[in-house]
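Please read the structure below before turning to the comments.
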Amino acid sequence: MSKNVPELVMRPEFEAGDIQDAHTGDVERQLSIFERVWNINGVRKIVILFGLVATWQIYTVALDVEPLMFPSFTLAAERMLNDLFYGDLIWKIWFSVKVLLYGYGMGMGIAAVLVLWATASRLGSDFIATATAMFNPLPAIAMLPLAMLWFGLGTASLIFVLVHSVLWAVALNTHSGFKNVSQTLRMIGENYGLRGVPFVWKVLVPAAFPSILSGMKVGWAFAWRTLIGAELVFGASSGSGGLGWYIFESSQNIETEGVFAGLFMVILIGIVVENIVFRNVELKTVNRWGMQR
Amino acid sequence: MNGGSSAVADNTAAAAVEPILDVDGVTLQYKTKEHLITATYRVDFKVYPADRFVLLGPSGCGKSTLLKGVAGYMTPVEGAMTLKGKVIKEPGPDRVMVFQEFDQLLPWKTVKQNITFALTNGGKCAKQSEAEDIAMHYINKVKLDRFEDTYPHMLSGGMKQRVAIARGMAMEPDVLLMDEPFAALDALTRLQMQEELLQLWEDTHFTVLFVTHSIEEALIVGSRILVLSPHPGQVKAELNAHQLSHESVGDPAFGELKAKIHNMLFADRILEDDLEGKGQQ
């Protein structure tokens, strides 16, 4: 043994008698109003938004920019509200959203069938892996020319590309979510007599919900961008156009503030779905269940 | 509490009572990526009603595999397992598992919903209201009232295990299968849970098949202990421990039995070290 090993220091034992309540000055103190307000995420984001709008407005008004090139914020906003309440913008939005929901729903349905197959057999699992590897790098919009050959100019073509953009993202995420469900949960499900589709629905789906949801979010993002893009390409020949067609039409008529109004709507709907619809689903499910922070 | 000595039938009476579970010459094998592993070799044992039957052995003795076999997740390559005279073929609600892992609770269901989920899907209750009554009864039993609407992620490890035990008991299975249910708990909570399990057992004398690698836990929890040797698991001894409980931990009898089992297991120590890492459980 080396000499440097410290020896035990022996000291007397003691027992604390009655323990008194702890008294410290600052157990809990409320933050100042400013701190509390500034801690709200939304408040900080709105401040940034105001900053951007103000910069835009000041730039266009102060430098007297030609409205045909770059209209001021107020002009674009006025046009948007005007078309929304007195024009047909609202119907164009409805047209786009309707097509989107069809495509999204159909994509989800096909994804569900594929994933069920993949859960039941190894061949199905291999199929999903191969198909997603093949089709994921292919932008859905690249399928548009083919869709136009097959289905002509119309809603059917739009739905075809939408399905393509939703299907692989949702199938891939759901499938990998299923694979990651813990062995214990699977055994619990089987223990209580669940087999086949009820097992998938009552155990695998909720257990894999975080990845299913993220697949749905990615699918939505793809679908929304694809749809607007597709409408820009051939909205002109379609009988009744959507939001993309509105942008295209405004641009053809050199109504720049209309283009901005259309872009506003695209952003606005995107934000509503991503930050309000999906966010609320998350709060009510995966956050509440402690599966995701 | 006195380890339930009132429940002990003498040998002549035991012959008249039919065993609930009969494991007869069971060999279990499973495959890893590279090996075919024989987990247990020709294991025999019988579990009688109200038994707190413990499978005890070091890691690699196939005790968890054996429990999975009884649960129906594995089919024996040799021998047979029968529950109340029927051969075990697949998992079912007549044998409920309680696992060691905390994620055995469905995270998307509250404490109460976890139990009603088991009751309604396991075919125990047709009506939701009936299931809820039973669930509340068992939640009270494991002292989790006030937590019935809490999601599992808000509970401590010990509380989660209590819910799992409540869920298992609510199903009133022929035999409750417990796979090292307290192994992941801290020592103090483990002691408390062992005691509570024994108290619950006092109420209804349900049948438990309990897996552990702790000799002390086996002695406290078990009424009868099956000692298994490792690689592959074979029966070394079947011992009575019904007279032992927490109170007798300091007694000479407790120490003697503990030493006896320790020697049985220790004899394999060298062999076990050799084979360590070739696949567990």
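So the sequence lines, in the order shown, correspond to chains P and C.
The numbers in the first sequence follow my numbering, run straight up by one, and end at 404.
The numbers in the second sequence follow my numbering, run straight up by one, and end at 293.
Just so you know, even glycine gets a beta-carbon here, dropped at the ideal spot from N, CA and C.
Chain-ordered chain C contacts of residue i [CB-CB under 7 Å]
{"i": "Glu301/P", "result": "Pro103"}
{"i": "Leu305/P", "result": "Asn133"}
Selection from the options that minimises the alpha carbon distance to residue i
{"i": "Met148/C", "options": "Asp115/C, Ala178/C, His274/C, Val99/C", "result": "Ala178/C"}
{"i": "Asp115/C", "options": "Ala229/P, Phe125/P, Ser293/P", "result": "Ser293/P"}
{"i": "Ile273/C", "options": "Phe65/C, His47/C, Gly91/C, Ala230/C", "result": "Ala230/C"}
{"i": "Asn364/P", "options": "Leu296/P, Leu179/P, Trp167/P, Thr285/P", "result": "Leu179/P"}
{"i": "Ala176/C", "options": "Leu221/C, Val123/C, Arg202/C", "result": "Val123/C"}
{"i": "Leu442/P", "options": "Lys209/P, Gly381/P, Gly373/P", "result": "The question about residue 442/P has no answer, for chain P in this structure spans 112 to 404."}
{"i": "Ala195/C", "options": "Gln206/C, Asp145/C, Asp215/C", "result": "Gln206/C"}
{"i": "Phe222/C", "options": "Asn133/C, Val108/C, Ala265/C", "result": "Val108/C"}
{"i": "Cys73/C", "options": "Ala62/C, Ile49/C, Gly84/C, Pro88/C", "result": "Ile49/C"}
{"i": "Leu211/P", "options": "Pro317/P, Leu324/P, Val377/P", "result": "Val377/P"}
{"i": "Trp331/P", "options": "Ser362/P, Val274/P, Gly353/P", "result": "Val274/P"}
{"i": "Leu338/P", "options": "Ala127/P, Ala267/P, Asn302/P", "result": "Ala267/P"}
{"i": "Tyr213/P", "options": "Val397/P, Asp132/P, Ala253/P, Ser276/P", "result": "Ser276/P"}
{"i": "Phe159/C", "options": "Arg64/C, Lys121/C, Glu268/C, Ala130/C", "result": "Lys121/C"}
{"i": "Gly198/P", "options": "Leu354/P, Gly216/P, Glu393/P, Gln168/P", "result": "Leu354/P"}
{"i": "Leu4/C", "options": "Leu78/C, Pro264/C, Lys248/C", "result": "Look at the range of chain C in this structure, 13 to 293, and you will see that residue 4/C is not part of it."}
{"i": "Val35/C", "options": "Gln211/C, Thr87/C, Pro185/C", "result": "Thr87/C"}
{"i": "Gln125/C", "options": "Tyr163/C, Gln112/C, Gly97/C, Ala138/C", "result": "Tyr163/C"}
{"i": "Arg202/C", "options": "Gln246/C, Gln173/C, Thr94/C, Asn152/C", "result": "Gln173/C"}
{"i": "Ala251/P", "options": "Phe271/P, Thr241/P, Leu264/P", "result": "Phe271/P"}
{"i": "His254/C", "options": "Ala62/C, Arg54/C, Glu142/C", "result": "Ala62/C"}
{"i": "Phe218/C", "options": "Ser226/C, Glu228/C, Gly234/C, Lys80/C", "result": "Gly234/C"}
Within-7 Å CB hit, residue i to chain P
{"i": "Asn152/C", "result": "no"}
{"i": "Gly134/C", "result": "yes"}
{"i": "Ala51/C", "result": "no"}
{"i": "Ala130/C", "result": "yes"}
Residues that residue i contacts on chain C, provided the C-beta gap is smaller than 9 Å
{"i": "Pro317/P", "result": "Leu118, Pro119, Trp120, Lys121"}
Closer than 7 Å to chain C by CB, residue i
{"i": "Ser325/P", "result": "no"}
{"i": "Thr295/P", "result": "yes"}
{"i": "Trp312/P", "result": "no"}
{"i": "Asn391/P", "result": "no"}
Chain-ordered chain P contacts of residue i [CB-CB under 8 Å]
{"i": "Ala83/C", "result": "Met298, Asn302"}
{"i": "Glu113/C", "result": "Ser293, Thr295"}
{"i": "Met109/C", "result": "Met298, Ile299, Asn302"}
For residue i, three-class secondary structure by DSSP
{"i": "Val172/P", "result": "helix"}
{"i": "Tyr357/P", "result": "helix"}
{"i": "Ala130/C", "result": "helix"}
{"i": "Thr224/C", "result": "strand"}
{"i": "Asp106/C", "result": "coil"}
{"i": "Ile237/C", "result": "strand"}
{"i": "Arg140/P", "result": "coil"}
{"i": "Tyr53/C", "result": "strand"}
{"i": "Arg64/C", "result": "strand"}
{"i": "Glu184/C", "result": "coil"}
{"i": "Glu385/P", "result": "helix"}
{"i": "Asn247/P", "result": "coil"}
{"i": "Thr166/P", "result": "helix"}
{"i": "Met219/P", "result": "helix"}
{"i": "Thr39/C", "result": "strand"}
{"i": "Val274/P", "result": "helix"}
{"i": "Thr337/P", "result": "helix"}
Interface partners of residue i on chain C, CB under 8 Å
{"i": "Gly401/P", "result": "Pro119, Tyr163, Pro164, His165, Met166"}
CB-CB length for residue i against residue j, believed under 8 Å
{"i": "Tyr357/P", "j": "Gly373/P", "result": "5 Å"}
{"i": "Leu68/C", "j": "Thr52/C", "result": "Leu68/C to Thr52/C, Cβ: 13 Å. No contact."}
{"i": "Ala182/C", "j": "Ile127/C", "result": "5 Å"}
{"i": "Ala282/P", "j": "Val226/P", "result": "6 Å"}
{"i": "Ser322/P", "j": "Asn284/P", "result": "5 Å"}
Residues that residue i contacts on chain P, provided the C-beta gap is smaller than 7 Å
{"i": "Ala138/C", "result": "Result: empty, since nearest Cβ-Cβ is about 14 Å, beyond 7 Å."}
Residue-chain proximity (residue i, chain B), Cβ-Cβ < 7 Å
{"i": "Ala265/C", "result": "Absence of chain B from the displayed structure is noted, the protein chains being P and C."}
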